Amino acid sequence: MANALLNKLDIEATYDCVQCGYCLPVCPTYIAFKKEKHSPRGRINLVQMAAKGKITIEDMQEGIDLCLGCRACETVCPTNVRYGDILMSAVEVLKENKDMGVIEKVNRTAAFKFALKNKNVLRIINKGLYAYQVSGMQKVVKNYNLLKPVKKFNQMNKAMPDVILSKRITRNINPFRRNDLSIGFFQGCIMDSFFANINELAVKIMKKHYVQVTNIPKQGCCGALQHHAGETAQTVELAMKNIAAYEKYDFDYIVNTIGGCGATLKEYDKLFEPGTDWHKRAVEFTNKVRDISQIMALIDLDLVHGIDKNAVYQPSCHLENVQKVFNDPLKLINKIPQLNYIEMPQKSLCCGSAGIYNILHFDESMQILDLKMNNVKISKPNLIITSNPGCHIQMQLGVEREGLSNEIAVKHIVEVIAEACGVE
Amino acid sequence: MEKIIIDKLNKIFKERLLKAVDERVSYSYDASFGQHIPDLVVQVLSAEEVQKTVEIADEFAIPIYPRGASTSLSGGPLPVHGGIVMDFSQWTQKLEIYPDDLIIKVSPGVKTGDIHRLAEHYNLMYAPDPSSSSICTIGGNLAENAGGPRGVKYGVTKDYVIGLEVVTAAGKLIRTGGSTVKNVTGYDLTKLLIGSEGTLGIITEATLRLIPKPLDTMTAMVIFDDLYTAGKSISKILTAGVRPSKMEILDQNSINKVEDYAELNLPRDAAAIILVEVDGDPEVLPKELAVIKKALEEIGVSNVQVAENKEQEQKLWQVRKLVSPAIVTSGYTKISEDATVPLSKIPDMFKKIDEIKNKYNLNIVVFGHAGDGNLHPTINTNMRDEEEVKRVEFAVEEIFNYAIELGGTLSGEHGIGTMKKAFMLNEVGDDGLDFQKAIKKALDPKNILNPGKIFPEKGEKRLVLRNG
Chain A
1 MANALLNKLD
11 IEATYDCVQC
21 GYCLPVCPTY
31 IAFKKEKHSP
41 RGRINLVQMA
51 AKGKITIEDM
61 QEGIDLCLGC
71 RACETVCPTN
81 VRYGDILMSA
91 VEVLKENKDM
101 GVIEKVNRTA
111 AFKFALKNKN
121 VLRIINKGLY
131 AYQVSGMQKV
141 VKNYNLLKPV
151 KKFNQMNKAM
161 PDVILSKRIT
171 RNINPFRRND
181 LSIGFFQGCI
191 MDSFFANINE
201 LAVKIMKKHY
211 VQVTNIPKQG
221 CCGALQHHAG
231 ETAQTVELAM
241 KNIAAYEKYD
251 FDYIVNTIGG
261 CGATLKEYDK
271 LFEPGTDWHK
281 RAVEFTNKVR
291 DISQIMALID
301 LDLVHGIDKN
311 AVYQPSCHLE
321 NVQKVFNDPL
331 KLINKIPQLN
341 YIEMPQKSLC
351 CGSAGIYNIL
361 HFDESMQILD
371 LKMNNVKISK
381 PNLIITSNPG
391 CHIQMQLGVE
401 REGLSNEIAV
411 KHIVEVIAEA
421 CGVE
Chain B
1 MEKIIIDKLN
11 KIFKERLLKA
21 VDERVSYSYD
31 ASFGQHIPDL
41 VVQVLSAEEV
51 QKTVEIADEF
61 AIPIYPRGAS
71 TSLSGGPLPV
81 HGGIVMDFSQ
91 WTQKLEIYPD
101 DLIIKVSPGV
111 KTGDIHRLAE
121 HYNLMYAPDP
131 SSSSICTIGG
141 NLAENAGGPR
151 GVKYGVTKDY
161 VIGLEVVTAA
171 GKLIRTGGST
181 VKNVTGYDLT
191 KLLIGSEGTL
201 GIITEATLRL
211 IPKPLDTMTA
221 MVIFDDLYTA
231 GKSISKILTA
241 GVRPSKMEIL
251 DQNSINKVED
261 YAELNLPRDA
271 AAIILVEVDG
281 DPEVLPKELA
291 VIKKALEEIG
301 VSNVQVAENK
311 EQEQKLWQVR
321 KLVSPAIVTS
331 GYTKISEDAT
341 VPLSKIPDMF
351 KKIDEIKNKY
361 NLNIVVFGHA
371 GDGNLHPTIN
381 TNMRDEEEVK
391 RVEFAVEEIF
401 NYAIELGGTL
411 SGEHGIGTMK
421 KAFMLNEVGD
431 DGLDFQKAIK
441 KALDPKNILN
451 PGKIFPEKGE
461 KRLVLRNG
């Protein structure tokens with residue numbers, strides 16, 4: 001049994017690592033925790049040693065658990081080690097090996113199996129949040145830190161974005177509309193309920209510029225969080241559902257506004273055995289996946305309003321390191337009239353949000369966030385531009401923790417572009 | 001490890017004493033070969049902590065292995081006899097520049113790249129530039145006497161160190177050298193300690209010399225139809241009256257690997273290319289390149305492409321940078337050597353490596369620092385194929401021995417460590433080795449400082465890549 005489990009570790013990929021150490025300076029957990037086992041090189045070694053039976057599966061637990069999965073190491077790796085695959089294999093093995101702690105188990109069951117998969121439940125959560133905010137409670141909770149029972153989530157609550165009710169995007173296939181570009185819009189689930197506003201703005205921006213946007217009725221969650229938690233079977237199921245849903249249309253691109261979800265969509269092909277029919281279908285799907293910033297950079301935006309701010313950009317790790325989108329957001333930001341872009345030191349270092357890392361490993365996540373906020377303070381912006389909801393909440397939290405919420409606004413790149421385009 | 005030792009170290013280091021197995025295995029490797037799990041790891045942050053640890057090690061006769069970022073290609077920091085790994089990578093706190101004195105004082109964990117940046121901020125330069133400078137620590141550079149491409153004009157690490165603070169094997173704190181370039185007070189211990197691979201003392205602070213930062217650079221790519229002419233051109237360029245700041249060579253295999261990898265429009269048919277950089281006054285640089293061009297014409301080399309702007313220049317250096325990633329095939333490991341030969345012997349070395357490549361049927365590419373004879377024959381191999389690894393071992397041995405035969409050396413800049421100690425005798429001879437051992441014995445009688453490095457074990461004659 002243990003052996004069968006060990007065979008699941010991606011030992012082949014670990015042999016690509018020459019232990020040169022180029023990944024160390026870009027790894028947020030190595031910088032924050034200062035120990036080699038919290039570096040990519042250290043983790044790859046742990047996985048290889050576990051696979052060879054030289055250490056136990058439990059021995060690699062802490063190193064693997066505390067990885068943010070930002071994959072900055074892949075971007076700098078001179079030998080192209082497939083770190084993401086090694087990490088995912090270890091996460092899955094750890095998950096199968098260990099009886100999860102009760103609390104975590106409840107979290108996972110509730111969050112993954114039930115809520116994330118079921119859009120109606122998410123809409124209910126969304127409505128709940130909405131009610132909670134319109135009732136004015138948020139102010140009270142924010143100001144007096146009343147949220148119970150888990151004290152450490154108080155700060156998280158302070159960073160919650162103002163929620164608007166998400167509504168279904170209308171299916172608008174209109175044959176008379178000028179359609180330079182036809183896209184299928186991937187709403188995402190977290191994004192849909194927490195940031196419905198941003199999705200709405202994104203669609204409005206595209207429509208204003210004559211992009212034909214279609215919403216797909218049968219789309220579901222992308223599967224990112226399940227995948228990060230080692231729930232591969234669930235991820236595959238979700239992937240198949242989405243691929244099948246989009247195949248019915250002939251879009252130029254499949255567009256989303258969430259760096260992390262987009263990364264998972266971009267890697268759907270990795271979930272299937274090469275040579276199989278599903279793999280082929282997955283490749284066709286992933287080839288069309290684009291981030292909203294890539295689409296906005298493609299169209300000739302009508303930027304009518306200036307934004308008089310000093311702005312830094314906090315890229316989503318998965319937008320950069322997995323989707324390889326580095327320049328399009330910056331191109332957009334630099335086009336905005338009156339906006340003064342400041343390059344933040346160590347801009348590409350993860351903020352510590354990393355999916356639900358900041359919920360599972362709150363203290364460690366705050367250590368990473370402190371590194372990020374030091375660089376924010378050096379740059380002195382009054383606007384932080386984000387590209388992913390997780391990072392967005394985390395940066396908002398960082399601003400709150402530093403007591404800077406009166407000086408620094410946090411906005412998604414879609415919000416900023418919408419403002420410049422006069423889209424409301 | 002005895003409990004009393006752990007207790008003593010625990011008092012000094014607390015959470016910086018690493019005992020758990022997942023921590024210890026993470027300090028068991030470097031970028032070379034072999035894995036050796038230490039009994040303990042301590043993360044030092046002051047000379048006092050180093051002293052106290054050495055005192056304990058001395059009392060209980062436990063080996064200590066100083067370790068920087070563990071980018072070593074020769075096994076320098078590996079804890080081959082068990083004991084304590086002393087991790088310096090977190091001791092980054094001291095990085096002080098005295099621009100008017102042209103010196104920088106650093107703690108051992110500071111990254112070489114951070115030293116470069118600070119110096120440049122003051123329009124100065126710390127010249128040694130190992131290719132791993134964005135990760136490696138100055139402590140590791142000092143221990144191994146690291147080099148880099150700029151070596152051809154500016155020398156290596158030892159040429160830029162004027163003072164050291166060192167903890168001796170007895171736990172005493174001493175200073176060597178000082179803050180002046182000229183200093184002949186007593187033995188030149190600074191130079192003795194640099195490159196001693198942590199076997200004679202533990203460096204806790206260094207005073208580094210800076211030079212004015214060159215105003216500008218220009219780069220040309222020279223393309224060769226045959227390897228022999230490429231080799232000959234190196235001396236020709238260096239005797240033309242101009243001193244290039246970098247001179248890097250890539251053989252045909254390297255060129256094609258880079259081209260496969262990155263499609264930069266390189267001449268695939270060329271037998272070799274040499275990248276030549278000159279630095280200094282921007283008005284003078286074109287003249288210097290013209291001098292080089294003229295010298296090359298005299299030996300029939302006319303294919304010289306000069307980078308016309310910074311972008312083109314960057315692209316040319318990109319070629320050199322991409323060699324390492326380009327030559328690695330997925331699932332394979334690269335074994336990179338750094339045998340160094342007199343300049344006039346470079347063509348012979350290239351010829352020999354080609355023979356070895358065919359003889360053992362291996363995937364070998366050659367590139368390196370042409371200007372100082374420091375070549376990096378690099379073998380791409382599957383470490384899980386025992387039979388192939390055996391062939392690699394024979395091939396590497398032949399390269400080592402031929403370098404010595406040509407009047408060269410086993411290692412130009414990577415160090416001896418564990419990888420090359422079996423061949424020390426071939427290069428320095430019995431008496432030479434005894435002289436070095438006498439120094440080691442006098443300064444570290446209990447052999448607690450980085451044991452198992454540099455000196456071969458009795459009867460050790462073979463290179464062994466497979467272990468651990």
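Residue numbers (UniProt numbering), protein chains in the order written: chain A, 1 to 424; chain B, 1 to 468. We put the beta carbon where it would ideally sit given N, CA and C, even for glycine. Fair warning: this is a prediction, and the values are worked out from it, not measured in the lab.
With a minimum length of 3 residues, the unbroken runs of beta strand (DSSP E) contained wholly in the stretch 289–350 of chain B fall at 304–306 and 333–336. Within a 10 Å sphere around the beta-carbon of B/P282 sit fewer than 16 other beta-carbons, which makes this residue exposed. Comparing alpha carbon positions, the residue from B/T333, B/A143 and B/S89 closest to B/K453 is B/A143. With a threshold of 8 Å between beta carbons, A/I55 makes contact with chain B.
In terms of Cβ geometry, B/F224 and B/I299 do not form a close pair [threshold 8 Å]. Of the candidates B/L73, B/T168 and B/Y332, the residue whose Cα lies closest to the Cα of B/I448 is B/T168.
For A/H209, there is no enclosing beta strand (DSSP E), as DSSP gives it neither H nor E. Of all residues in the stretch 80–91 of chain B, only D87, S89 and Q90 place a beta-carbon less than 9 Å from a beta-carbon of chain A. For the pair B/L200 and B/K8, the CB atoms are not nearer than the 8 Å cut-off.
If you draw a straight line from the Cα of B/R67 to the Cα of B/V42, it comes to about 10 Å. The C-beta of B/D385 comes no closer than 8 Å to any C-beta of chain A.
Flagged as an interface residue toward chain B: A/Y22, by a C-beta distance shorter than 8 Å.
Annotation for A/A409: L383 place their beta carbon closer than 6 Å to its own, counting only its chain and skipping 5 residues before and after. Using a Cβ-Cβ cut-off of 7 Å, A/T79 is close to P325 and V328 of chain B, given in chain order. The Cβ neighbour count for B/Y402, taken over all protein chains shown within 10 Å, is at least 16; the residue is labelled buried. In the structure shown, B/L425 falls within a helical segment according to DSSP collapsed to helix, strand and coil. Taking the C-beta atoms as reference points, A/Y341 is found no nearer than 8 Å to A/P329.
Only buried fits A/T235, as 16 or more other CB atoms lie within 10 angstroms of its CB. Listed along chain A, no residue sits closer than 7 Å to B/I346 by beta-carbon distance, the nearest being about 26 Å off. Excluding the 5 residues flanking it on each side, B/I56 has same chain C-beta neighbours closer than 7 Å at I5, K8 and L9, in chain order.
Between the C-alpha atoms of B/E263 and A/Y253 there is a straight-line separation of about 28 Å. Taking CB atoms only, B/T71 has a neighbour in chain A less than 8 Å away.
Put simply, the CB of B/K334 is near chain A, with a gap under 8 Å to one of its CB atoms. A Cβ-Cβ contact shorter than 8 Å links B/E337 with B/V396.
Measuring C-alpha to C-alpha distances from A/H392 to each of A/N374, A/A354 and A/P381 identifies A/A354 as the nearest.
Taking the Cβ atoms as the reference, B/T71 lies roughly 12 Å from B/G113, outside the contact range of under 8 Å.
No Cβ-Cβ contact shorter than 8 Å links A/D269 with A/V289. Going by DSSP, A/E273 is part of no alpha helix (DSSP H) at all; its letter is neither H nor E. Across the set A/V304, A/V325, A/K280 and A/N310, the C-alpha of A/V325 shows the shortest separation from the C-alpha of A/Q294.
Within chain B, no C-beta atom comes less than 9 Å from the C-beta of A/K324; the nearest is roughly 15 Å away. Between the stretch 109–127 of chain B and the stretch 164–181 of chain B there are fewer than three C-beta pairs closer than 8 Å, too few to call the two in contact.
Here the stretch 204–211 of chain B makes contact with the stretch 149–165 of chain B; the two share three or more CB pairs at distances below 8 Å. Non-local beta-carbon contacts of A/I333 in its own chain, meaning distances under 8 Å to residues more than five positions away in sequence, involve A311, Y313, L339, Y341, I385, I413 and V416 in chain order. Sequence-distant Cβ neighbours of A/K35 in its own chain, meaning closer than 8 Å and more than five residues away, are G42. Among the residues facing chain B, A/D59 is included, as its CB has a counterpart in that chain under 8 Å away.
Using beta-carbon distances, A/P25 counts as an interface residue toward chain B, with a partner under 8 Å.
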